[in-house]
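Data first, discussion second: the structure below is written as structure tokens.
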Amino acid sequence: MAKTGKIQSIRGMHDVLPLQSPLWQFFETTVKNLLQSYAYQEIRMPVVESTDLFCRSIGEVTDIVEKEMYTFVDRNGDSLTLRPEGTASCVRSGIQHGLFHNQQQRLWYMGPMFRHERPQKGRYRQFHQVGIETFGMASADIDAELILMCSRLWKLLGLENIRLELNTLGTTESRSVYRQVLVDYLNQHKEVLDDDSLRRLESNPLRVLDSKNPTMQSMIEAAPSLMDYLDDESRQHFDQLKHILDKAGIQYNINPRLVRGLDYYGKTVFEWVSDALGAQGTVCAGGRYDGLVEQLGGRETPAAGFAMGIERLLSLLEDAGRQVDNAPHIFIILQGQQAQLDGMSFVESLRNQLPGTSFQTNCGGGSFKSQMKKADKSGAKIALILGDDELQNNAVSIKLLRQKAEQKTVAQSELVTALNTILQD
Ligand code: ATP
Ligand code: MG
């Protein structure tokens, strides 16, 4: 028998309701315009991929792969996973469609990601990211471009106090020298390592530095720093990046503990962090991942990118009191039976003459008073009243809803000019 009772959305997965969507749209439009102005191109990937893709790219010993993926066996018996992030899919797609060989790419995507985490403010099981990935550019200028682009976005959104944390993980070679030094250090402090860290000590010791466990923080603070083990190539790359950022007036804090939770990063890593969001303060994170394309079966391709968490950024916008006006420009009152029938085509012809103007037509009739109430509630600036009287006289009445002014009646032939004047001021 079918279960009865209320059907609810899945825990940690939220609807975006009509009152909230204007803010989403404002954010999405701002981002799209910005990306276009830097000549980035959109790529759209499926939200489901083979599980193997994420295990091979993100890394077996990461929070995501170990405990956060939505993995299931489909009807063919294949193991599939709802994407927890977009980089792996983007690289998979680029290899599959030959986007990388002898080419440079600046790509972006936007959409839902899925991670089975403990839901709390700023942490959801379905959340949304804007992801930016670049391919075929090995030097620090593109790393800088990514950061400059973020900085410009915060300004466009009107967000202040998002600070940049910057680090370098060096080349694979310098990382492997450091890895040994770190393992020795961690082995000397085994008594303070928690279970996760003990496991990582063997498999992925750098990730121990990423631990948020308070009892381990002083040990982590005192750990040897990768900065001291950088080879020339790593150092030069980092110096160039800092040079460009300094010249552009971008402030940053060098944070040697910033290692990022995914395996594929090397050289530049960065996070943009706000203190206004509590523990979920990182709104954007990324870096360089030169090895990933090859690791997934493509040819060696330098790459760098980042992802922003849309919910966290929207929460900052909300806290800043950001309002987005989504009201129609004009509300159409159709008063009387004939007007209700003929009004629709009248509004259609108005739409032809006033492109870019939004109209909300009262459907379903109702008294003048109740239609007027709806007009007011819609937030529209203007109510157009088309009653049977007006129809007979080829006229229409205009009522300004946001200022004290008498309703006035104009000939239909003069309406477009009259509306243009009102809409413009
Ligand atoms: P965190 O340390 O907060 O778990 P992460 O390192 O797992 O973040 P990334 O994989 O780098 O996050 O994802 C990039 C951005 O996506 C994050 O900085 C954050 O803004 C957002 N994000 C990640 N996981 C979630 C989530 N579960 N809910 C909401 N936003 C998220
Ligand atoms: Mg996480």
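Quick note on the working numbering: the sequence shown kicks off at 9 and runs consecutively.
We treat Cβ as the ideally placed atom computed from N, Cα and C, and that holds for glycine.
8 angstroms Cβ cutoff met for Y186 and Y237: yes
Per-residue burial, C292 [other beta carbons within 10 Å of its own, 16 or more giving buried]: buried
Through-space distance from P222 to P127, alpha-carbon basis: 21 angstroms
CA-to-CA distance, A148 to Q248, given in whole angstroms: So the alpha carbons of these two residues sit roughly 6 angstroms apart.
Residue burial classification, T176 (beta-carbon count within 10 angstroms, cutoff 16): Buried is the label assigned to T176, since at least 16 other Cβ atoms lie within 10 Å of its Cβ.
CA nearest to the CA of G130, picked from D218, S87, M21 and T59: M21
Stretch-stretch touch, CB-based, cutoff 8 angstroms, three pairs: the segment 368-380 with the segment 325-333: No, they do not touch.
Buried versus exposed, by CB contacts within 10 Å (16 or more), T12: exposed
CB of G313 within 8 angstroms of CB of T179, strictly: The answer is no: Cβ separation not under 8 angstroms.
Whole-angstrom distance between R359 and T425, CA atom to CA atom: 13 angstroms
Segment limits, alpha helix (DSSP H) that includes E326: I318 to D327
Paired residues, beta bridge with T369 - DSSP: For T369, which the question treats as bridged, DSSP gives the partners I340.
Limits of the beta strand (DSSP E) - the one that H136 falls within: Q134 to F143
DSSP beta-bridge partners of P120: Note: P120 sits in a beta bridge opposite H136.
Q379 classed as buried or exposed, judged by whether at least 16 other C-beta atoms fall within 10 angstroms: buried
CA-to-CA distance, I252 to H245, given in whole angstroms: Cα to Cα, the separation comes out at about 11 angstroms.
Residues near V138 in its chain [Cβ-Cβ closer than 6 angstroms; skip 5 each side]: V39, M118 and M316
Closer than 7 angstroms: C63 CB and nearest the ligand ATP heavy atom: no
Rounded Cβ spacing between F135 and E279 (contact assumed at less than 8 angstroms): That pair is no contact at about 16 angstroms.
Contact between the segment 328-347 and the segment 396-405 (3+ Cβ pairs under 8 angstroms): Yes, since at least three Cβ pairs between the segment 328-347 and the segment 396-405 fall closer than 8 angstroms, the two stretches touch.
Three CB pairs or more closer than 8 angstroms across the segment 54-70 and the segment 106-117: At 8 angstroms Cβ cutoff, the stretches do not touch.
Proximity test, D71 beta-carbon vs the ligand MG heavy atom, cut-off 7 angstroms: yes
beta-carbon A315 near the ligand ATP non-hydrogen atom, thresh 7 angstroms: yes
Beta-bridge partners of G274, as assigned by DSSP: Partner(s): R296.
Three-state class that DSSP yields for A311 in the structure shown: strand
CB of E57 within 8 angstroms of CB of T89, strictly: yes
Close-in-space but distant-in-sequence residues of the same chain around V355 (CB under 8 angstroms, 5 per side omitted): I340, F367 and T369
Cutoff 7 angstroms; reference T365; Cβ partners in own chain excluding five residues on either side: H337, I338 and L431
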